[in-house]
Amino acid sequence: MLIRRANPPRAGEWSLPGGRIEPGESEADAALRELTEETGVTAMLGEKVAVIEADFEGFCYRLHDYAAVWTSGDPCGADDALEARFIPVADIGALGMWSKTNTVIRDAYSAIESRPVKKGGLA
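If you count the sequence shown from 1, you need to add 417 to reach the working numbering.
Next up, the structure:
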């Protein structure tokens with residue numbers, strides 16, 4: 418699941434859904450909330466696959482990236498996303514995304530592929 422960013426930094430580029438952690442919210446809860454707010458889909462969260470320090474256009478972030486498995490909803494861009502789409506892993510290289518985003522996607526895909534999904538969550 419990728420979004421086309423509506424706002425800086427990197428406005429107009431394809432990226433992973435995400436956003437700020439609200440006071441009292443866990444990283445995992447924030448990841449699922451932001452996914453739904455930006456794409457309209459829900460998922461089961463898997464393992465954390467990366468923590469990345471990023472500095473774009475004067476914005477500094479610590480990104481916490483998780484693997485996830487879609488559970489429901491049809492993707493549509495909302496909130497900070499112009500578009501939202503499921504894009505095959507084989508096609509992500511052609512999108513011109515930040516190289517670390519490509520790596521995170523491939524790592525998340527490998528994490529999901531290597532762990533069976535059981536009812537109620539990842540094994």
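Ideal Cβ positions, reconstructed from N, Cα and C, are used throughout, including at glycine.
### Task
Would you please state the rounded distance, in angstroms, between the beta carbons of E500 and R421? I believe it to be under 8 Å.
What you label residue 500 is simply residue 83 of the sequence shown in a count that begins at 1. What you label residue 421 is simply residue 4 of the sequence shown in a count that begins at 1. Contact annotation, E500 with R421: C-beta distance approximately 4 Å; criterion of less than 8 Å satisfied.
- So what does DSSP say about V512, is it helix, strand or coil? Taking the first residue of the sequence shown as 1, we reach residue 512 at position 95. The question names Val, but residue 512 is Leu in the sequence shown. DSSP places L512 in helix when its eight states are reduced to three.
- Query: Alpha carbon to alpha carbon, what distance is there between S443 and A528?
  - Reply: In the sequence shown, counting from the first residue as 1, residue 528 sits at position 111. In the sequence shown, counting from the first residue as 1, residue 443 sits at position 26. Spanning the two alpha carbons is a distance of roughly 21 Å.
Quiz item: Below 9 Å between beta carbons: does that hold for G494 and A447?
Solution: Within the sequence shown, residue 494 is the residue found at index 77, counting from 1. Within the sequence shown, residue 447 is the residue found at index 30, counting from 1. No; because the gap between Cβ atoms is not below 9 Å, this pair is not in contact.
CA nearest to the CA of G475, picked from R532, D491, P425: Walking along the sequence shown from the start, residue 475 turns up at place 58. Minimum Cα distance to G475 is reached at P425.
> Would the beta-carbon of E474 be found less than 8 Å away from any heavy atom of the ligand GTP?
Replying inline: For the ligand GTP, the structure offers nothing, since it holds no ligand at all.
>> Taking the alpha helix (DSSP H) that E451 belongs to, which residues open and close that run?
In response: The residue labelled residue 451 in the question sits at position 34 within the sequence shown. Its alpha helix (DSSP H) spans residues 444 to 456.
Inset, instruction - Using only alpha-carbon positions, find the residue among G463, E464, H481 that is nearest to E470. - result: Mapped onto the sequence shown, residue 470 falls at position 53. Considering only alpha carbons, the answer is H481.
**Asked** Is P492 buried or exposed, if buried means 16 or more other CB atoms sit within 10 Å of its CB?
**Response** Locating residue 492 in the sequence shown gives position 75, counting from the first residue. Classification for P492: buried.
- Alpha carbon to alpha carbon, how far is W487 from Y478? What you label residue 487 is simply residue 70 of the sequence shown in a count that begins at 1. What you label residue 478 is simply residue 61 of the sequence shown in a count that begins at 1. Taking the straight line joining both Cα atoms gives about 26 Å.
Q.
In the DSSP output, what is D472 paired with across the bridge?
A. Position 55 of the sequence shown, counted from the start, is the residue given in the question as residue 472. Paired residues: C477.
Exercise. When the Cα atoms are used, what is the spatial distance from I504 to T518?
Worked result: As a position in the sequence shown, residue 504 is number 87, starting the count at 1. As a position in the sequence shown, residue 518 is number 101, starting the count at 1. Cα-Cα distance, rounded: 13 Å.
Review point. With distances taken between CB atoms, is the gap from D524 to V466 smaller than 9 Å?
Key: Locating residue 524 in the sequence shown gives position 107, where the first residue counts as 1. Locating residue 466 in the sequence shown gives position 49, where the first residue counts as 1. Yes, the pair counts as a contact, with Cβ atoms nearer than the cut-off.
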